[in-house]
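Here is the structure we will look at, set down as structure tokens.
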Amino acid sequence: MRIHCKIVVIAVCFGVFLLLYFFGGNAADDPPLKEVEEDNYFPKFSGLRNNVASKLTKKTLDELHIPHKQPLTYRKVSKVSSRGGNAIAKSRQRSDMGVGRPASKRARAEEVMHLAVVACGNRLDETLTMVKSALLFSIKSIKFHIFAEDPLTSQFEKGLSQWPHAITNKFQYSIYPITFSVGNAEEWKKLFKPCAAQRLFLPVILKDVDSLLYVDTDVLFLRPMDDMWSFLKAFNTTQLAAMAPEHEIPKIGWYSRFARHPFYGVTGVNSGVMLMNLTRIRSTLFKNSMIPSGLSWEDLLHPLYQKYKNHITWGDQDLLNIIFHYNSECLYTFPCQWNYRPDHCMYGSNCKGAEEEGVSILHGNRGVYHDDKQPAFKVVYDAVHEYPFEDNLFQSLFYPLQTKFLDTVNTLCGRIPQVFLKQVEKSMRTVYEKKVVRHVRPPPK
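According to mature numbering (1 follows the signal peptide of the UniProt record, and there is no 0), the residues represented by the sequence shown are -28 to -1, 1 to 417, in order.
What follows is the structure in structure tokens.
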């Protein structure tokens, strides 16, 4: 009897062992599911969130092609002394949250986009809102080069330091004094708008920067800056800068009707958004109307200004138009939706690219962010300005934007709301997709 009991016990134990082995082995062999965490961008009831999430879970790992996250590295935040001294660098260590091999130094350099802005007078708030818009949707990290008058330096540092840690980890910045390497500094400073001529000297000052996007303070990014940055790859061997046309229709364009100096193309170009390969600019000799041989960028600026200063209206932008009139092969022109201004809608819609794809970069010149002349522009600015970082992006930015746009539909620019809203919504989809798929382990070989 005892022998029979022992045999039964042994059989039961063996059976339990087989069950555990069967279920445990199968679970180990199954590929892991995507890890989806609650996000701060879309509410649970958002139709957009549900649609995107359902599409993502139906895709295979091979279709997604999602790389491992790279280890996060050190960053520098530096302030350049207004007295021309060495930069005072503040290092911030980021925790290692990724897996895989560390990126090489060259790879890290390629991952950083450079953006420059010049701020004088009362442009502090406007500039911080521009910086905020660039950070909302961009994917790669950004190095901001802020040129500012001395009284604004501490205010910029205070404003940027008050943002959440999760945001400040996404960018670096350096603050520079307003300086002009040639000619009369006071004369340059008063050219057109205060300090606007500083952009002409960026290739001379930022000698260690290869490529750079310059924007005016009244610019807002409605899609990732990465997409604008990719235009650098579209340059041919002679192109070294990119701008959008000043106007789409010659008969109502300013340059084609009123300019008293040479300008680029048929309608001229607008310099409020200017992408530059600084390395190429520094190494090029530019043709001009003053001497038979070419001049370097730095040597060209002052004599060009002296020759045309009584004939230019828009200051540094006019000088850029003159330069690229004689060196048209050096300029790449991008479509109007990348520098969308009131001129594109106040005389009737004349930017086909914006109608089809939506506005990529909004340029609120003519002071339209701060008056009621073009409410559609002001609505977008106010929405970005008032959005609290780390809040629900869809509820706290897009919904209020949609609602406020209803009050602008009877205005010249507000009657085509899809032009202003299309890219914002698309950019939010991109942000959500990148946030919802946190990490995917490759299937076992």
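In this text, a Cβ means the ideal position worked out from N, Cα and C, and glycines have one as well.
Just so you know, these numbers come straight off a predicted model, no measurement behind them.
Problem set entry | Helix, strand or coil at Leu243 [DSSP, three-state] | By one-based count along the sequence shown, residue 243 stands at place 271. Strictly speaking, residue 243 in this sequence is Ser, with Leu absent from that position. Ser243 falls in the strand class under three-state DSSP.
Exercise. Going straight from the alpha carbon of Lys162 to that of Arg195, what length do you get?
Worked result: The sequence position of residue 162 within the sequence shown is 190, counting from 1. The sequence position of residue 195 within the sequence shown is 223, counting from 1. Roughly 33 Å separates the two Cα atoms.
Problem set entry | Close-in-space but distant-in-sequence residues of the same chain around Lys27 (CB under 6 Å, 5 per side omitted) | Sequence index remark: in the sequence shown, residue 27 carries index 55 (1-based). With a pLDDT of 39 at Lys27, under the threshold of 50, the modelled position of that residue is not reliable, and the figure given next carries that caveat. Excluding sequence neighbours, Lys27 sits near nothing in its chain.
Exercise. Relative to the alpha-carbon of Met197, which residue among Cys167, Ile111 and Trp135 has its alpha-carbon at the smallest distance?
Worked result: Working through the sequence shown from its first residue, we reach residue 197 at position 225. Nearest option by C-alpha distance: Ile111.
Problem set entry | Rounded C-alpha distance that separates Ser53 from Tyr298 | Position 81 of the sequence shown, counted from the first residue, corresponds to residue 53. Position 326 of the sequence shown, counted from the first residue, corresponds to residue 298. Residue placement at Ser53 is poorly supported in this model, since its pLDDT is 39, which falls under 50; the coordinates still yield a value, given next. C-alpha separation (whole angstroms): 37 Å.
For this session: Could you pull the start and end residues of the beta strand (DSSP E) that Gln144 belongs to?
Result: As a working note, residue 144 is residue 172 in the sequence shown. Note, Gln144: beta strand (DSSP E), Phe143 to Tyr148.
Exercise. Counting pairs of Cβ atoms below 8 Å between the segment 175 to 192 and the segment 238 to 256, do you hit three or more?
Worked result: yes
Exercise. Is DSSP giving Ile221 helix, strand or coil here?
Worked result: Counting from one through the sequence shown, the residue named residue 221 turns up at place 249. In the three-state scheme derived from DSSP, where H, G and I count as helix and E and B as strand, Ile221 is classed as coil.
Problem set entry | Helix, strand or coil at Met197 according to DSSP, with G and I counted as helix | For the purposes of this step, residue 197 is taken as residue 225 along the sequence shown, with counting starting at 1. The answer is helix: DSSP assigns Met197 an H, G or I state.
Exercise. How would you label Met262, buried or exposed, when you count the other beta carbons within 10 angstroms and need 16 or more for buried?
Worked result: Taking the sequence shown and counting its residues from 1, the one referred to as residue 262 is at position 290. It counts as exposed.
Problem set entry | First through last residue of the beta strand (DSSP E) which encompasses Phe116 | On the sequence shown, position 144 is the one that residue 116 refers to. From DSSP, the beta strand (DSSP E) with Phe116 extends over Ser113 to Ala120.
Exercise. Under a three-way DSSP split, which group does Thr305 fall into?
Worked result: Sequence index remark: in the sequence shown, residue 305 carries index 333 (1-based). Reduced to three states, the DSSP call for Thr305 is strand.
For this session: Could you give the DSSP three-state label for Ser105: helix, strand or coil?
Result: In the sequence shown, counting from the first residue as 1, residue 105 sits at position 133. Helix at Ser105.
Exercise. Would you say Ile333 and Asn311 are within 7 Å of each other, going by their C-beta atoms?
Worked result: By one-based count along the sequence shown, residue 333 stands at place 361. By one-based count along the sequence shown, residue 311 stands at place 339. Yes. Within cutoff.
For this session: Under 7 Å Cβ to Cβ from Gly386, same chain only, skipping five residues before and after it: list those, please.
Result: The residue labelled residue 386 in the question sits at position 414 within the sequence shown. In the same chain as Gly386, and ignoring 5 residues on each side of it, the C-beta atoms closer than 7 Å to its own belong to Pro347, Ala348, Phe377 and Thr380, in chain order.
For this session: Answer yes or no: do His233 and Tyr280 have a C-beta to C-beta separation smaller than 7 Å?
Result: Taking the sequence shown and counting its residues from 1, the one referred to as residue 233 is at position 261. Taking the sequence shown and counting its residues from 1, the one referred to as residue 280 is at position 308. Cβ atoms of His233 and Tyr280: closer than 7 Å.
Exercise. Tyr277: which of Ile(-19), Ile177 and Asp290 sits nearest, CA to CA?
Worked result: Counting from one through the sequence shown, the residue named residue 277 turns up at place 305. Among Ile(-19), Ile177 and Asp290, the Cα nearest to that of Tyr277 belongs to Asp290.
For this session: Measure from the alpha carbon of Val103 to the alpha carbon of each residue in Asn94, Ile139, Asp122 and Gly93, then state which is nearest.
Result: For the purposes of this step, residue 103 is taken as the residue at position 131 of the sequence shown. Selected option, being the one with the closest Cα: Ile139.
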